[in-house]
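These protein sequence lines are chains A and B, in that order. Taking full-length UniProt numbering, the leading residue of the first sequence gets 1, the next gets one more, and so forth. Taking full-length UniProt numbering, the leading residue of the second sequence gets 1, the next gets one more, and so forth. Ideal placement from N, C-alpha and C gives every residue a C-beta, glycine not left out. Note that the coordinates shown come from a computational prediction; the quantities given were computed from them, not determined experimentally.
There are 2 protein chains.
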Amino acid sequence: MKPSIKNIAELCKLNPSTVSRALNNKYGVKPETRKSVMEAAVELGYVPNLAARELVYKKGNLVCIIIPESDAEAQPAFFAMLPYMNRILRTHGMETMIYAFDPYRYRQGELMELVQKRNLRGCIVLPGFMKHHNIFNDIRTITTPCVVLEVSVNSEMCSSIHTDEVYGAYIATQHIIDFGHTRIGFINGPSNVQICEERMSGYKKAIENAKLILKDEDVVYSDFTGKGGGEAIITLLKQSPDLTAVFIANDLMAMGAISKLSEEGYHIPGDISVVGFDGLFVSQYYNPPLTTIKNDDYTIAIQAAKSLMGIIEQNTVAEIRIKPELIYGKSVKRLTT
Amino acid sequence: MKPSIKNIAELCKLNPSTVSRALNNKYGVKPETRKSVMEAAVELGYVPNLAARELVYKKGNLVCIIIPESDAEAQPAFFAMLPYMNRILRTHGMETMIYAFDPYRYRQGELMELVQKRNLRGCIVLPGFMKHHNIFNDIRTITTPCVVLEVSVNSEMCSSIHTDEVYGAYIATQHIIDFGHTRIGFINGPSNVQICEERMSGYKKAIENAKLILKDEDVVYSDFTGKGGGEAIITLLKQSPDLTAVFIANDLMAMGAISKLSEEGYHIPGDISVVGFDGLFVSQYYNPPLTTIKNDDYTIAIQAAKSLMGIIEQNTVAEIRIKPELIYGKSVKRLTT
DNA sequence: ATGAAAGCGCTAACAC
DNA sequence: GTGTTAGCGCTTTCAT
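(1) Output the distance between the C-alpha atoms of Val29(A) and Val115(B), rounded to the nearest integer angstrom.
(2) At what residues does the beta strand (DSSP E) containing Ala245(B) begin and finish?
(3) Which same chain residues end up closer than 8 Å to Gly109(B) when comparing Cβ atoms and leaving out the 5 residues on each side of it in sequence?
(4) With 16 other CB atoms within 10 Å as the buried threshold, where does Thr316(B) fall?
(5) Can you give the beta carbon distance from Ser307(A) to Ile293(A), rounded, assuming they're within the 8 Å contact cut?
(6) Of the residues Ile171(B), Ala304(B) and Gln284(B), which one's Cα is nearest the Cα of Leu326(B)?
(7) At what residue ranges does the stretch 59 to 91 of chain A contain a whole run of the alpha helix (DSSP H), taking only runs of 4 or more?
(8) Using a Cβ-Cβ cut-off of 7 Å, state whether Met130(A) counts as contacting chain B.
(9) Assuming Gly229(B) contacts Ala257(B) under a Cβ cut-off of 8 Å, what Cβ separation, rounded to an integer in Å, is found between them?
(10) With a threshold of 7 Å between beta-carbons, can Val37(A) be considered close to chain B, or not?
(11) Out of Tyr285(B), Leu44(B) and Lys215(B), state which residue places its alpha-carbon closest to the alpha-carbon of Phe224(A).
(12) Using the C-alpha atoms, what's the distance from Thr244(B) back to Ile233(B)?
(13) Touch check for the stretch 184 to 202 of chain A and the stretch 246 to 263 of chain A: three-plus C-beta pairs under 8 Å?
(14) If you draw a straight line from the alpha carbon of Pro31(B) to that of Lys58(B), how long is it in whole angstroms?
(15) Taking a contact to mean a Cβ-Cβ separation below 7 Å, would you say Ala9(B) touches Ile124(B) in this structure?
(16) With a threshold of 16 other CB atoms inside 10 Å of the CB of Arg334(B), please say whether the residue is buried or exposed.
(17) Within 10 angstroms of the Cβ of Gly60(A), are there 16 or more other Cβ atoms? Answer buried if so, exposed if not.
(18) Identify whether Ser159(B) lies in helix, strand or coil by the three-state DSSP scheme.
(19) So for Gly270(A), helix, strand or coil by DSSP?
(20) Should Tyr27(B) be labelled buried (16 or more other beta-carbon atoms within 10 Å of its own) or exposed?
(21) Looking only at its own chain, which residues have a Cβ that is under 6 Å from the Cβ of Leu149(B), when we skip the five neighbours before and after it?
(22) Just curious, the alpha helix (DSSP H) that Tyr46(B) is in, first and last residue?
(23) Which residue marks the beginning of the beta strand (DSSP E) containing Lys294(B), and which one marks its end?
(24) Tell me which same chain residues have a C-beta within less than 8 Å of the C-beta of Ser262(B), skipping the five on either side of it?
(25) Is it right to say Asp71(A) is buried, meaning 16 or more other beta carbons lie within 10 angstroms of its own, or is it exposed?
(26) Any Cβ of chain A within less than 7 Å of the Cβ of Ile98(B)?
(27) Looking only at its chain, what residues have a beta carbon closer than 6 Å to the beta carbon of Ala40(B), apart from the 5 residues adjacent to it on each side?
(28) Terminal residues of the continuous alpha helix (DSSP H) containing Ile200(A)?
(29) Under 8 Å Cβ-Cβ, which residues of chain A neighbour Ile88(B)?
(30) Applying the criterion that 16 or more other CB atoms from any shown protein chain within 10 Å of the CB defines a buried residue, is His132(A) buried or exposed?
(31) At a Cβ threshold of 7 Å, is Glu54(A) touching chain B?
(32) Go ahead and label Gly226(A) buried or exposed: buried means 16 or more other beta carbons lie within 10 angstroms of its beta carbon, across all protein chains shown.
(33) Where in the stretch 100 to 187 of chain A do unbroken runs of the beta strand (DSSP E), each at least 3 residues long, occur, reported from the N-terminal end onward?
(34) What first and last residue would you give for the beta strand (DSSP E) that runs through Leu237(B)?
(35) So, under 8 Å CB-CB, Ile322(A) and Thr299(A) are touching, yes? Tell me the CB distance rounded to an integer number of Å.
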C-alpha cells in the first residue's frame, strides 16, 4: 500500500498537517520534528500524490505541448524543439505532456477542456502549417498562459514566437544573387499557407532589389515533401530551362529535388545551384552539403519555454521575432561575373 | 469560476452523487434526469477535474514515455515513434506525458516516484543506446505496466520489443554480397553498445556464410554521428584501400561518409557502395537514395503501445521481436560476376 | 431512482 | 510549534 502523510503522521506521532508543513518546508516546524518526518518519509518510501495536491492548489505543474497529429516527417521542427523545451521547463519545476489533436475533428473548446480537466499550468502550441483553424479561436479566449509559434494571438495570456520568414527567404535568394546568378527559380510550399506567402515575398524582394526580372514561370508550388520536391524541380525546369539556381522552401523538398536531378544526370551545384530552408541536422551531411536557411529550432524552443515561464511567473506576455540564419553548404556554385 | 458537479446539482435540484452517476452513465438514473444533467453540464461548460477523479480511482489515464534527455539528432527513432504511440494510446483513452531523465543524474527510484506521484497508468521506456543503467533496476521492480524497447526485462509487469539487429546486419551484408562484392567493410557504432555487438555479429555471419575473409582492418568503430561517419570512412579506406563496399551501422554516419567521399572525388556507388541502417525518412531522398535497413519504427511504435495496453487491459506480458527490412536505394553497385 | 455521508491525500485557516 | 477542522471535486457505499 502506498504510504500517505497519514502514515508518516502515525509513525512520528504527529498530526498530518504538521507532516505536511514539515515536508513542504513551511515556517514553524521544530527542526527535530522536521528531521523525524523526513526520516520517516524515506523509511516508508513516501511519494506525494500530485492529484491530491492539485485538488487543493487548483493548479498542477504540468505544461502541455500541443501539436496537430501527424507523422514525424511533417513536423521535423516539433521534434527538434521538444527536448529543448522540456529541459527549460524542467528547470522551472514543470513537467511536460503532449497533446496531439486531429485537425479534422477538433471540437471548439477542446483546448479549454484539456486545460481544465488536467489543471494545466500552461500550453505551448506548435500549429505546424496551420494558420486558419478553430483552435486559434480557443487560444484567443484561453485564460491559461500560452505560447504560440508562428501565429500572433492578441490576448493577455499569450505570447508568440515568430521566425522572420520574409528575411530568411530574402537572404537565401540574396546569397544566390551574390554568387552571380541572375535566373533564379523558387519552389514554394502550398500557396495557401502563410509562411509560404512570407517566403514568397522575401524571394520577390531580393529579386526586385537586384533589378532582376520576376517571372511567373520561375515559381512552382509543391507540398513540402521530398517526393513533391523531385516532381516540382522537373516541372520548373521544363517551364524555365535556363534557370541556374533554385531556392526551395524546405530542405526535404530540396533533397528530393537534388536526388531527382542527380538521377536525371544533372550535377549539383555544377548545373543547378540549390538553397533550402529549415537547416535540418541531416542537411549538413547531404551530398552535396546543403546551403540552407537555418530556422533556429534551438533558439525558438528555448525562447518558447522561457516565454511561457515568463507569463506564468511574471505575467509578462511578449511577441518575439527570431531571424533565421544562412548556413553555408556546397550546393551553390559561384558564377564568374 | 470553474463549474463542478455541485453547480450542476444545484441547477438541477439534485444531489451531486446523482449528477455523478448521470454523467458517468451509471445504472439507475431516470432518463429524463440524465437528460437534464447533460443539458446543465453543457450550459455551465462543465469539465470534470481529473485530479479529483484520480484521487478516488487511485489511477489516472496518463501514460508516460520515458527517454534519456538528449538532442533530436541522437534519438531519431524516438521522434519517429512518438506520434504513432500517441495515436494508439489515445484510442484506448490514454493521454501521453514525456519524461526525459538525465542519465548522469538518475537517482535510484526516480521512476517509481514518477509513477506514484502522477498515478501513471503505464510507461513506455525508450532507452536509446543505454543498456546498462540504474533505470533498468527500477524497471525490474516496478509494479505498473511497462514496455521497454530493445532491452529484455524479466518481470510480471514488463513487455519488451526488440529489433532483430543481427538479422538486419545480416541482410544488409548479404545484399552487398548478392551484388557481387567480396571486400566489404563495416563502420560500426561504439563497441560497448549492445546493438553494435549484434550488428557486428550479423555482419560476421554474412561474411562467413559467403566464405569471404573476415579481416580486422575492414571494421572501424565510430560514434553514430554524421561527422564521425565521414572520418571513419577515411580511416577505413586508408586501412583497407581495396574495399568496394561498406556497411555502415546507421544512416547518419552513412550520409556523413558519402558526403565526405564525394568531396574527396569518389563516386557513389560507382567507386564505393554503401548500405546504411535505420531507414530514416530522409534517406530515400539522399543523393544517391540510400540502400538501408529499415528499422520499422512504425511497427515498433504501434506494437509498443498495443503491448502496453495489453498489460493494462488483459494483464498480458510479451517479448516481441521485429525483423527489420531492406530498403532498396541506389547506393549499391551491381558488380559483374 | 435519488439522497446522505464518508473518504480519496493533501493543505490552509484557525485554535491552542 | 503543533493539533483541529474543514474543504478541494469526485465517487461510492448505504440508506431511503
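Taking the geometry as given:
(1) 29 Å
(2) Ala245 to Ile248
(3) Asp138
(4) exposed
(5) With 8 Å as the limit, Ser307(A) and Ile293(A) do not qualify as a contact, their Cβ atoms being about 23 Å apart.
(6) Ile171(B)
(7) 76 to 91
(8) no
(9) 4 Å
(10) no
(11) Tyr285(B)
(12) 12 Å
(13) yes
(14) 30 Å
(15) no
(16) exposed
(17) buried
(18) strand
(19) coil
(20) exposed
(21) Leu126 and Ile161
(22) From DSSP, Tyr46(B) is part of no alpha helix (DSSP H); its letter is neither H nor E.
(23) Thr291 to Lys294
(24) Ile268
(25) exposed
(26) yes
(27) Ile8, Leu11 and Cys12
(28) Sequence inspection shows Met at residue 200(A); the Ile mentioned does not correspond to that position. Its alpha helix (DSSP H) spans residues Gln194 to Asn209.
(29) Going along chain A, no residue has its Cβ under 8 Å from Ile88(B), so there is no contact; the nearest lies around 12 Å.
(30) exposed
(31) yes
(32) buried
(33) 122 to 125, 146 to 149 and 158 to 163
(34) Where Leu237(B) is concerned, there is no enclosing beta strand (DSSP E), although the alpha helix (DSSP H) it sits in stretches over Gly226 to Gln239.
(35) 6 Å
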